[in-house]
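Below: one structure, written as structure tokens.
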Amino acid sequence: MIKKILMTKIRLIYDELLSLYGHQGWWPLIEHGYHLKQYNFPTTNQQKFEICIGAILTQNVSWTNVEKALINLKKLNALTVKGLDKLEEEELKTAIKPAGYYNQKTNRLKTFSKFFINLGNRVPTRDELLSINGIGPETADSMLLYSFKVPSFIVDAYTKRIFLQLKLIKETESYDAIKSFIETNLNPDVKIYQEYHALIVAHAKKYYQKKYDQTLCPLYQKISQKIAK
DNA sequence: AACCAGGACGTGA
DNA sequence: TCACGTCATGGT
177 MIKKILMTKI RLIYDELLSL YGHQGWWPLI EHGYHLKQYN FPTTNQQKFE ICIGAILTQN
237 VSWTNVEKAL INLKKLNALT VKGLDKLEEE ELKTAIKPAG YYNQKTNRLK TFSKFFINLG
297 NRVPTRDELL SINGIGPETA DSMLLYSFKV PSFIVDAYTK RIFLQLKLIK ETESYDAIKS
357 FIETNLNPDV KIYQEYHALI VAHAKKYYQK KYDQTLCPLY QKISQKIAK
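Per the working numbering, residue 177 is the first one in the first sequence, and the count goes up by one each step.
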């Protein structure tokens, strides 16, 4: 007789999303696109750096805008640490303009590339990243999870919307409270954390845009049906 | 033509 | 601590 494994809700939601959308293969790189099931990415220091740059550029902006900026940087050979560090400030501003907030983000990229150079092959701590101007909790966790392969769960606006709709969190809960709630109910596993966040984004793009009716979310419908019975 | 997108920071209460 | 204004482009 096989024992039934007790799974947490958090894990069940993950399984549900994975069966709905399949592997997402984040983080996308300009050259390689989505890596799909090759979880050894990123392999080179340059790829790690590109992911970090993307994490800064995508702050409050759609990824399609970020791609334009990344392609501009690639053309200028500035998707490498040294390349970006060498780039003139005005040139950098122009290149990342499509990603919005280009004045702030220019400073943030310059500051970060210096940090990245000094980092060497070391993995930074979360606090270390948070102490850098322009890197908040979500950006830090994105870098840790996708660039440095540390199982640090990312809480973005979509994560909040979905978990709020599923009544697993409250409206007022802080970033860190939501993060630790999820992490205590999900074994630390880089692959799963990576997929989970990507799946949340995929799911949210389909059901949790502000213009949509969030009650159409199939996960929510399942729950509300159970309650009705 | 407003509104929103894979946030973070500075300010004042 | 925390609510609020600010930063800016591109798509719908």
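Backbone N, C-alpha and C define an ideal beta-carbon position, used for all residues, glycine too.
{"query": "Identified DSSP bridge partners for L205", "result": "G209"}
{"query": "For L306, the three-state DSSP class (helix, strand or coil)", "result": "helix"}
{"query": "Element boundaries [alpha helix (DSSP H), containing A353]", "result": "351 to 360"}
{"query": "The stretch 299 to 306 / the stretch 345 to 365 touching (three or more Cβ pairs under 8 Å)", "result": "no"}
{"query": "K386 - DSSP class collapsed to helix/strand/coil", "result": "coil"}
{"query": "Contact under 8 Å by Cβ, F357 with I345", "result": "yes"}
{"query": "Cα-Cα separation between K224 and E264, rounded to whole angstroms", "result": "22 Å"}
{"query": "Straight-line Cα distance separating T220 from L205", "result": "12 Å"}
{"query": "Distance CB(L375)-CB(Y197) smaller than 8 Å", "result": "yes"}
{"query": "Nearest-angstrom Cβ-Cβ length linking E371 and F329, presumed shorter than 8 Å", "result": "Not quite, the Cβ-Cβ distance comes to about 12 Å (not below 8 Å), so this is no contact."}
{"query": "V237 in three-state terms, based on DSSP", "result": "coil"}
{"query": "Which of helix, strand or coil DSSP assigns to N363", "result": "coil"}
{"query": "Classification of T240 by the beta-carbon crowding that lies within 10 angstroms, buried from 16 upward", "result": "exposed"}
{"query": "Spatial distance of S195 from F291 (CA atoms)", "result": "39 Å"}
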